[in-house]
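> Below are the structure tokens for one structure; questions will follow.
Protein chains: 2
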Amino acid sequence: MKRPTIADVATRAGVSRSTVSYALSNKRPISEETRLRIQQAIEELGLRPNATAKRLASRERSRNIGFVLPLVTPEMTGLEMKFISGASRAINQADYTFILLAHSDRSPENLLRFAESGLVDGFILMEVYMQDDRVDMLQREGIPFVLIGRCADNTGLTYVDVDIQYALESSFAHLTASGHQAIAYLHKDDDQYGFSVRALREYHAACDRFDISPLLQSCGLSPEEGEVAMNSLLDQHPEVTAAIVWSDIPTVGAVQAIQARGRQIPNDFSIICQEHSIISNLASFVPAVIDIRADEMAAQAAQFLIDLLEDQPIEQPQLLFPPKLVLGER
Amino acid sequence: MKRPTIADVATRAGVSRSTVSYALSNKRPISEETRLRIQQAIEELGLRPNATAKRLASRERSRNIGFVLPLVTPEMTGLEMKFISGASRAINQADYTFILLAHSDRSPENLLRFAESGLVDGFILMEVYMQDDRVDMLQREGIPFVLIGRCADNTGLTYVDVDIQYALESSFAHLTASGHQAIAYLHKDDDQYGFSVRALREYHAACDRFDISPLLQSCGLSPEEGEVAMNSLLDQHPEVTAAIVWSDIPTVGAVQAIQARGRQIPNDFSIICQEHSIISNLASFVPAVIDIRADEMAAQAAQFLIDLLEDQPIEQPQLLFPPKLVLGER
DNA sequence: CTGAAAGCGCTTACAG
DNA sequence: CTGAAAGCGCTTACAG
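Those sequence lines, one after another, are chains A and B. Residues in the first sequence are numbered consecutively from 1, following the numbering used here. Residues in the second sequence are numbered consecutively from 1001, following the numbering used here.
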């Protein structure tokens, strides 16, 4: 009653096991009549070749790529979905399989287990920290991976990331051209998360360059937190006329806070938010947006990993994507 | 330069391969001193046991569960995330691993490949059609799976699903108690998708029971389509005072259409939408909502699959969850 | 407490 | 065109 094997088929078809194997893989010519006999035996017995044994014997890879997404929010944002669809598109095109590894923790053990089990050939990592245990482990174990984001020390790493300097530079250029002098930044207060750290640094750099005094207000990921943050900012600094918000979700709340004070956007106040996702489509107001080109970045990350897996040289393994500033429509 | 194997470690430690294997698995006592020698050899060589070989030799399962999510929208909705988090929580608790298989197609071939490769032990299927190729294939091949949703013919299937009859019944009870006589349904027009078909049927049944004449308007998944649908409905049937919308996303647009005509919610118009996700938090208006308890359903589906995999009997393998009607707050 | 050997279900040089 | 045999890297009865 056990699952039939190649040996069973061979017996039934009156050939050797190797012939069955070759008939399956088409790696050498088989006469038409034995091919037919084998075919028939396969169907009669319902052979389903054991892929684990095949992998062991032929030392082949799984052709699966693990996309590692720590679930920071219980909800997945539209931005995360863009990364996912960009990566999975590129992965499928290259005839690999996309596997989403969505875990609530960031433990390296989990990844190691996947790699060792042969489940995946390599990883694409999201939500990269400045010091990232997962990166350390993967590097130590010699497991192929690519980052979307980057660490503090990136020697030897392959990554794609946002050109945050460019993002803030162009935002400041746009805002100052419209006459703004007080440009606040509603930032994510997280000194581990690479993006937050770098964005903060580049905000200060932009302030320097444009001769504007920095105005910071930390802000969480929800609309409510955006509202609270903007209210707190406007209470303390009524002179502010423009703000950059680190995510589009709190932007919704921030906009409400501004409007509740009777200030019109963009006439009385300008707001730029990082990335739009489905959420911006739902708000009655669409702000100016820094489009970080998430899908392109993710597709490139996937291509990098595939190159790594196939021992293709990568000319520029640390790639920054300059984002596009998209002005609001409503 | 190849990866070291158990044989290499055995040679270096001066023991047999089986002793190394037993030292690794702790399946029989090893003397302290040979254990130490083996341990040292393992570390010196950096042994990483080949999990594929182990699986083949010990005929064990992967303990991975595939959560199959056809990407109907490019964006993943908050509702889908609820299913994912509910299922992954239950799966992790049972010491299995959650793998999200997010594909843009619904091809059975893909699933078969995963199952045969030994990558996953079984599947949880989302977006089930009345006639579903994937279900047919999995049944034919004898691969364990559980549905979130159901087919036309469900003999022998294990599933969890929304009690749609209850959902519409309680919505109608609520609306008629408030005096509504004209209750429209903005439905998804899809005669393959089980949920749509059943919801439509139950809407008609509820109309019968409450003596209300059916008023249908088909409606897509985006806010824009919700707006268009509601406008079209109100143009043709200005007498309508209440509507049930099949998803929360178009509800956002539908609400705008209603408000644009100067009608107040809930005073002049009542609206109930199926499920809230992050999106409802963003709209300035929160409608009454049919909470389908997605996380509980998904967790139950996961438990069913684990029971199936571990040959545990399932007393009620076809389970309907009565949803909760949650009234709006703003 | 330890070893020699058979086996898991395939693949693939080596022969003919 | 086909077969006998060794091998992939483990596990696990069988012996001692």
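Idealized CB from N, CA, C, for every residue including glycine.
Please confirm whether R55 of chain A and T1052 of chain B have their CB atoms less than 7 Å apart.
Between R55 of chain A and T1052 of chain B, the C-beta spacing is below 7 Å.
> Indicate the three-state DSSP secondary structure (helix, strand or coil) for K2 of chain A in the structure shown.
In the structure shown, K2 of chain A sits in coil (DSSP, three-state: anything other than H, G, I, E or B).
> Alpha carbon to alpha carbon, what distance is there between R59 of chain A and E224 of chain A?
53 Å
> Would you mind listing the alpha helix (DSSP H) stretches within the segment 1040 to 1102 of chain B that are 4+ residues and don't spill past its ends, in chain order?
Counting whole runs of 4 or more residues, the segment 1040 to 1102 of chain B contains the alpha helix (DSSP H) stretches 1051 to 1058 and 1078 to 1093.
> According to DSSP, is G194 of chain A helix, strand or coil?
In the displayed model, G194 of chain A falls within a helix according to three-state DSSP.
> Hey, is R1048 of chain B's beta-carbon within less than 7 Å of any beta-carbon in chain A?
yes
> Counting only the same chain and skipping the five closest in sequence on each side, list residues whose C-beta sits under 6 Å from that of K188 of chain A.
S196 and W246
> Counting C-beta neighbours from all protein chains within 10 Å, is the total for N267 of chain A 16 or more, i.e. buried, or is it exposed?
exposed
> Per DSSP, what kind of secondary structure is A288 of chain A in: helix, strand or coil?
Per DSSP, reduced to three states, the secondary structure at A288 of chain A is strand.
> Within a Cβ cutoff of 8 Å, which residues of the same chain sit near L1045 of chain B, ignoring the five residues on either side of it in sequence?
P1004, D1008, V1009 and R1012
> Can you list the beta strand (DSSP E) stretches of 3 or more residues lying completely in the segment 1112 to 1168 of chain B, in chain order?
1122 to 1125, 1145 to 1148 and 1159 to 1162
> Tell me, which residues are paired with E1244 of chain B by DSSP?
The displayed chain sequence assigns Ile, not Glu, to residue 1244 of chain B. B:Y1185 and B:I1272, per the DSSP bridge assignment.
> Could you check whether the Cβ of A257 of chain A sits closer than 6 Å to any heavy atom belonging to the ligand HEM?
By its list of ligands, the structure shown contains no ligand whatsoever, and the ligand HEM lies outside what it can speak to.
> Leaving out five residues before and five after A1199 of chain B in sequence, what residues of the same chain have Cβ atoms less than 6 Å from its Cβ?
I1164
> Closer than 7 Å by beta-carbon distance: list the chain A residues that pair up with L1056 of chain B, in chain order.
T52, A53 and L56
> In terms of residues, what are the limits of the beta strand (DSSP E) holding Q318 of chain A?
Q318 to F321
> Verify the CB distance criterion: does R1330 of chain B have a CB-CB separation below 7 Å to chain A?
Low per-residue confidence applies at R1330 of chain B: pLDDT is 43, beneath 50, and the placement is therefore not dependable enough to give any value.
> According to DSSP, which residues form a beta bridge with Q217 of chain A?
A:L186
> Please decide whether L1100 of chain B counts as near chain A, where near means a Cβ-Cβ distance under 7 Å.
yes
> Could you list which residues in chain B have their beta carbon closer than 9 Å to that of G86 of chain A, in chain order?
Going along chain B, no residue has its Cβ under 9 Å from G86 of chain A, so there is no contact; the nearest lies around 10 Å.
> Going by C-alpha to C-alpha distance, which of A:I38, A:L320, A:K324 and A:D291 sits closest to Q300 of chain A?
Ranking the options by Cα distance to Q300 of chain A, first place goes to A:L320.
> By the criterion of Cβ-Cβ separation under 8 Å, what are the contact partners of E169 of chain A in chain B?
By Cβ distance, chain B contributes nothing, its closest Cβ being about 29 Å from E169 of chain A, past 8 Å.
> Taking C-beta pairs closer than 7 Å, name the residues in chain B that G118 of chain A reaches, listed in chain order.
A1051 and T1052
> For L1327 of chain B, which three-state DSSP category applies?
coil
> Please say whether L309 of chain A and I124 of chain A have beta carbons closer to each other than 7 Å?
The Cβ atoms of I124 of chain A and L309 of chain A lie no closer than 7 Å to each other.
> What does the alpha-carbon distance come out to for the pair D1132 of chain B and A1041 of chain B?
53 Å
> Just to make sure I have the definition right: I need the residues of chain A whose C-beta is within less than 8 Å of the C-beta of N1064 of chain B. Which are they?
L119
> From A1205 of chain B to A1177 of chain B, what distance separates their C-alpha atoms?
About 18 Å.
> Does the Cβ of P250 of chain A have 16 or more other Cβ atoms within 10 Å, making it buried, or fewer, making it exposed?
buried
> Kindly indicate which three-state DSSP category H204 of chain A falls into: helix, strand or coil?
helix
> Which value, in whole angstroms, describes the spacing of the CA atoms of S1218 of chain B and R1201 of chain B?
Distance between the alpha carbons of S1218 of chain B and R1201 of chain B: 14 Å.
> If you run the structure through DSSP and keep just helix, strand and coil, what is N1267 of chain B?
coil
> Only counting the same chain, and skipping five residues up and downstream in sequence, which positions put a Cβ closer than 8 Å to that of I1314 of chain B?
Apart from sequence neighbours up to five positions away, the residues of its chain that approach I1314 of chain B with a beta-carbon distance below 8 Å are T1158, F1304, D1307 and L1308, ordered along the chain.
> Identify the continuous alpha helix (DSSP H) that holds I1306 of chain B and give its terminal residues.
A1294 to L1309
> Rounded to a whole number of angstroms, what is the C-alpha to C-alpha distance between Q312 of chain A and V160 of chain A?
17 Å
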